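A.B. asks:
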Amino acid sequence: MKNLKFMALFLAAVPFISSCSDDDDGSPEIINEEEVITDVSLTFTNESGDETTYTYTDPQYRDENYVAPTIQLTSGETYQVEANFYNNSNPNDPEVITEEIMEERDDHFLTYDFVDAEINLTRTDGEQSTDSDGIKIGLSTQWIAGSAENGEVVVSLIHQPTEKITNPAEGSFTGGETDAQVTFALEIQ
Amino acid sequence: MKTFWTVIFLITLSFWVQSQNCSYTLKGKVVDFHNGDPLIYATIQVIDSEIEVYSDFDGNFEINNLCKGKIELKITHPDCQDLVYPILIEGDTFEKIKLEHHLEDLGEILITGKKRLQKSKTGQEETLKSKTLEKYSSSSIGDALKELSGVSTLNTGNSVVKPVIQGLHSSRVLMMNHGVRMQDQEWGAEHAPNIDLNSAESITVVKGASALQYGGDAIGGAVIVEPEKIPVKDSLFGKTILSGSTNGRGGSVTTSLTKSYESGWYGNVQGTFKKFGDYKAPDYVLSNSGNEEKDVSLRFGLNKFSSGFDVFYSYYNTEIGILRSSHIGNVNDLIRAINSREPQVVKDFTYNINPPKQDVEHHLARVKYYKRFEELGKLNIQYDYQLNNRLEYDFRRGDDKGRPSVDLELQTHTLSTNFKFDAKNEYQFNVGLNGNYQVNFPDPATEVKRLIPDYEQYKFGVFATGEYKINNDWLAEAGLRYDYTRLNAEKFYFKTRWEELNYNEDFSDIVVYEEGNQLFTKPEFNFNNFSATGGLRYTFNQFSLNGNYALASRAPNPSELFADGLHHSAAVIELGDIRFNSETSHKFSLNFSKDEGNFNFTISPFYNYIEDFLLMEPSGVDETIRGAFPIWKYKQVNARMFGVDLNWNYRISSNFNYFGKFAYVNGRDTKNNSALINMPPANLSNSIRFQQTDWHNLQLSITGDFVARQKNYPDNNFYYDVLENGEYQSTLVDISTPPDQYFLLGFDASTTFHPFKKGSMEVSFYINNLLNTSYRDYLNRLRYYADNLGRNFMLQLKFNY
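Heads up: the protein sequence lines correspond to chains A and B, in order.
All residue numbers for the first sequence refer to full-length UniProt numbering, where the first residue is 1 and numbers rise by one.
All residue numbers for the second sequence refer to full-length UniProt numbering, where the first residue is 1 and numbers rise by one.
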């Protein structure tokens with residue numbers, strides 16, 4: 001008898017089981033990644049105050065009009081350079097990530113590596129991008145272009161390095177992992 | 001109850017008073033409930049008298065000179081449960097008495113060693129019993145399974161441990177937990193089984209697909225976790241194990257309490273808690289490798305002669321830290337990590353678990369009902385529900401700190417039924433059906449692209465297996481199974497990826513709409529899978545020889561179909577393909593064993609040919625804003641594997657025993673004529689055990705494990721231009737070369753005391769990696785970043801009460 005009751009209970013549960021398959025709660029929503037970096041830009045201000053911005057876009061977020069940027073500098077000229085990081089994954093809500101990097105400046109560090117290009121680089125970060133150990137993380141730099149040459153610069157954003165080394169000023173590190181690493185072509189005339 | 005007996009007594013008395021005619025004869029026959037076979041030498045006692053007779057060769061018995069009235073017979077038979085049988089004597093009487101003959105199903109404790117039910121009579125299988133499992137109480141099920149020859153583990157650090165059976169793992173290994181097929185995102189190489197080892201009484205590994213009743217896709221094999229058999233008698237008993245380890249500075253506590261009644265009712269409650277901080281390799285702390293686990297399970301039911309039910313619920317929760325140094329950004333980081341030979345981040349010991357980490361929850365609920373039919377068999381009906389929630393945490397910035405990057409919720413409902421015809425001694429049949437509905441929900445709140453898309457999956461399976469006992473020496477076994485799988489997915493693709501995979505040519509019809517640079521698609525899949533098995537067993541003298549063929553077929557898993565993204569600890573981009581079809585395996589296995597006498601052995605060679613074997617291969621480099629990443633694409637090839645598992649032991653004297661085991665597997669991709677990746681290297685283990693029962697059952701053993709260097713591996717190394725001092729240097733990225741061979745020494749000691757009136761206390765002491773050897777294991781996915789664990793001392797107290 002007890003078993004019969006149990007059986008009945010069990011069978012009563014079956015429609016509940018099958019009913020679960022009916023509740024399709026609509027289509028999944030699109031995800032525009034929140035903290036992904038889609039663009040890295042370098043803004044150059046020359047001695048006469050002219051501003052030029054070069055932007056590298058992640059291959060997955062490029063449109064048909066995208067052209068790989070080539071930084072053009074004049075030999076002997078001094079430039080103030082600002083690095084910026086953006087999340088444009090949601091075209092309706094572009095986001096500047098640079099601010100977050102500044103807030104978490106203890107956890108971040110930028111390095112600049114030059115290939116076939118002679119650039120005299122100094123870190124010129126203000127308070128907002130200088131970490132608690134007094135290390136300028138490299139969002140703001142000053143570049144003095146050397147002799148005419150065609151080369152490239154690799155800009156890296158490092159997360160949680162164990163050690164941030166600013167001598168030489170281009171920067172190197174130990175530990176941590178790379179959040180962004182992009183290569184810009186560089187032409188010095 | 002008392003009144004009942006009083007009434008009986010009064011009735012009996014009144015009959016006795018009424019008449020003193022004591023010349024009646026009771027003739028009877030004792031038979032097996034299941035098949036009606038006569039039971040020989042059953043003892044028939046008339047309760048409250050001196051009368052005792054035995055059944056003869058035909059099960060018949062006769063009791064003379066009975067008085068009119070009610071008597072009670074107590075029937076006992078060595079293989080059966082005792083039965084009290086009331087009879088009313090009103091003249092010469094004939095009675096047929098049916099005895100329950102299947103004690104192992106009833107959970108009697110009498111059952112020992114060989115009487116255990118085998119899952120596959122002709123395939124290769126091995127079982128771990130509670131004594132061995134208890135040793136691993138504070139570690140994982142994967143670590144315990146490594147005790148079996150031919151079973152190795154695929155690790156991600158030391159807390160994510162997956163069993164590898166004869167070279168195969170993940171979706172190719174089926175896990176049955178308390179009769180339920182685990183649906184715990186087992187496709188992931190970094191997803192450990194969500195099972196509390198402490199809830200198991202025994203774990204059986206079937207090496208191959210010969211146990212068809214569980215599934216037809218177990219190309220690697222099946223791991224069957226079974227709970228304790230609860231006796232049908234009035235009892236209350238429990239077990240508590242406390243373990244403490246020096247490495248990880250942590251330990252575990254597990255406890256189980258069982259109450260059972262003569263009437264068949266029973267209940268059990270069990271729980272486990274584990275906590276470890278950062279583990280240590282011989283030379284450094286493995287930062288962020290701690291783990292914490294909380295498990296609880298409840299079980300109750302009724303275990304009766306002819307029918308019964310069982311209700312089981314378990315909750316499993318684990319939080320596992322992933323080695324900090326293994327979280328890397330791109331190929332440059334990988335090169336730095338590999339070439340430095342030491343972890344990039346080593347901090348002081350801590351119990352804190354920070355990202356990267358996994359936080360996984362698994363709920364399992366099951367109700368089972370069975371009914372036995374006289375001279376026919378047993379019907380089982382089962383419904384189970386599983387809810388698996390996997391959270392993975394990465395480093396995140398700003399508002400997203402503390403938010404998981406992966407949040408997968410997998411729900412599975414299964415209804416299954418089978419009927420086992422076991423009435424005949426010569427043959428048995430088992431036929432069954434099962435239906436399964438599964439829904440996967442990746443929570444968009446992570447705001448990270450979904451690792452696995454939303455999907456709904458319907459499965460239907462039907463099987464028939466049978467065995468035939470040809471004579472005392474020969475046994476034949478065969479089975480067939482069919483599975484249908486329907487999978488409806490909803491996935492967003494980046495347009496660039498969609499075109500890169502040429503889906504725009506083949507699958508334009510599944511695109512629903514386009515938004516920005518993404519496409520919303522609805523891929524649908526149908527898979528029909530057939531599986532079959534057949535085998536023979538021949539027993540002669542002390543030897544037994546089995547041969548088995550198993551055909552298994554597995555539909556591609558969600559990762560193989562949909563993988564599309566960056567894998568942080570490997571610095572690779574993994575890509576699946578929705579064009580894949582099922583993989584099919586043909587496995588031939590032999591098992592030759594001797595299990596009596598001082599020298600025992602088992603030799604188990606196998607050959608496995610797998611068509612359309614799914615594996616990952618490097619295929620170019622993808623440039624992203626994070627830098628470059630090698631792309632690994634899933635491909636379908638043909639594979640063949642062969643190998644052998646050996647076990648042997650020798651009883652040197654009554655105090656000394658020697659045990660040895662060896663396993664070898666060789667895997668090849670026959671399409672590309674190259675070695676298969678991640679094949680376990682050959683391994684040999686030897687141990688000597690001393691035991692003296694008189695000295696509080698003292699046991700001492702010393703074990704040496706040797707793991708060879710894997711010489712057969714595919715060379716996926718590549719060169720990458722690394723920028724150093726303003727110049728690009730072509731640098732070798734050695735991701736393929738297996739680590740060197742290693743030898744580990746272990747020691748364990750245990751002794752049992754009886755400090756209480758009832759029960760016992762066992763004290764055990766273990767040393768792992770006694771020589772504090774620095775080594776890396778080929779099957780550890782974090783081998784690029786750090787050494788394996790150093791020496792560990794563990795003290796364990798076990799109370800039985």
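Beta carbons are placed, not taken as given, at the ideal position from N, Cα and C, and that holds for glycine.
Fair warning: this is a prediction, and the values are worked out from it, not measured in the lab.
1. Express the C-alpha separation of B:Phe300 and B:Thr240 in angstroms, rounding to a whole number.
2. By the criterion of Cβ-Cβ separation under 9 Å, what are the contact partners of B:Pro444 in chain A?
3. Please classify B:Leu676: does DSSP put it in a helix, a strand, or coil?
4. Could you give the DSSP three-state label for B:Asn529: helix, strand or coil?
5. Under the three-state reduction of DSSP, which class applies to B:Ile353: helix, strand or coil?
6. Residues of chain A with a CB under 7 Å from the CB of B:Thr496: which are they?
7. Buried or exposed, going by whether 16 or more other CB atoms sit within 10 Å of the CB of A:Pro168?
8. At 9 Å on the CB atoms, spell out the chain A contacts of B:Val448, in chain order.
9. Could you check what DSSP says for B:Gly142 in three-state terms: helix, strand or coil?
10. Would you say the segment 581-590 of chain B touches the segment 605-625 of chain B, given that touching needs at least three Cβ pairs under 8 Å?
11. Mind checking if B:Thr624 is an interface residue toward chain A, Cβ cutoff 8 Å exclusive?
12. For B:Leu391, which residues from the same chain have a beta carbon less than 6 Å from its beta carbon, with the 5 sequence-adjacent residues on both sides left out?
13. Helix, strand or coil: how does DSSP classify B:Gly398 here?
14. In this structure, does DSSP put A:Met102 in helix, strand or coil?
15. Are the CB atoms of B:Leu700 and B:Ala749 nearer to each other than 8 Å?
16. Can at least three beta-carbon pairs, one atom from the segment 169-178 of chain A and one from the segment 100-113 of chain A, be found at a separation below 8 Å?
17. Could you pull out every residue in the same chain whose Cβ sits closer than 6 Å to the Cβ of B:Val296, ignoring the five residues on either side in sequence?
18. Figure out for me which residue from B:Asn666, B:Phe747 and B:Leu480 has the closest Cα to the Cα of B:Gln710.
19. Quick check on B:Gly216: buried or exposed, where buried means 16 or more other Cβ atoms within 10 Å of its Cβ?
20. Give a yes or no on contact between the segment 183-192 of chain B and the segment 155-166 of chain B, applying the rule of three or more CB pairs nearer than 8 Å.
21. Could you check what DSSP says for A:Phe184 in three-state terms: helix, strand or coil?
22. Counting Cβ pairs closer than 8 Å, one from the segment 434-449 of chain B and one from the segment 25-38 of chain A, do we hit at least three?
23. Decide if A:Ala148 is buried, meaning its Cβ has at least 16 other Cβ atoms within 10 Å, or exposed.
24. Along the segment 332-351 of chain B, what residues have a CB closer than 7 Å to any CB found in chain A?
25. Have a look at B:Arg497, B:Phe756, B:His34 and B:Tyr728 and flag the residue whose alpha-carbon is nearest the alpha-carbon of B:Glu374.
26. With a threshold of 8 Å between beta carbons, is A:Val40 in contact with chain B?
27. Less than 8 Å between CB atoms is the rule here; does B:Asp196 satisfy it with respect to chain A?
28. Can you list, in chain order, the residues of its chain with a C-beta nearer than 6 Å to that of B:Met182? Leave out the 5 residues immediately preceding and following it.
29. Does chain A have any CB closer than 8 Å to the CB of B:Asp400?
30. Is there a Cβ of chain B sitting closer than 8 Å to that of A:Pro94, yes or no?
31. Would you decide whether B:Ser140 is buried or exposed? Buried here means 16 or more other CB atoms lie within 10 Å of its CB.
32. If contact is defined by three or more beta carbon pairs under 8 Å, each pair taking one atom from either stretch, is the segment 638-653 of chain B in contact with the segment 69-86 of chain A?
33. On the DSSP bridge list, what partners appear for B:Pro163?
34. Can you confirm whether the segment 482-496 of chain B touches the segment 126-138 of chain B when touching is taken to mean that 3 or more C-beta pairs between the two stretches lie within less than 8 Å?
35. Under 8 Å: do the segment 563-581 of chain B and the segment 242-258 of chain B share three or more Cβ pairs, one atom per stretch?
36. Report yes if the CB atom of B:Tyr713 is closer than 8 Å to the CB atom of B:Pro680, and no otherwise.
C.D. replies: Based on what the coordinates show:
1. 20 Å
2. Pro28, Glu29, Ile30 and Ile31
3. B:Leu676 sits in coil when the DSSP states are folded into three classes, being neither helix nor strand.
4. strand
5. coil
6. Neighbours of B:Thr496 on chain A, chain order: Pro59 and Gln60.
7. exposed
8. Ile31, Glu33, Glu34, Glu35 and Val36
9. Here B:Gly142 sits in helix by DSSP.
10. yes
11. yes
12. Asp359, Pro404 and Asp407
13. Helix.
14. helix
15. yes
16. Touching, yes, given that three or more Cβ pairs across the two stretches are closer than 8 Å.
17. Gly271 and Tyr315
18. B:Asn666
19. buried
20. yes
21. strand
22. yes
23. exposed
24. Asn332, Asp333, Gln344 and Val345
25. B:His34
26. yes
27. With its beta carbon at least 8 Å from every one in chain A, B:Asp196 lies outside the interface.
28. Met175
29. Yes, B:Asp400 lies at the interface with chain A (some Cβ there is under 8 Å from its Cβ).
30. no
31. buried
32. no
33. B:Thr153
34. no
35. no
36. no
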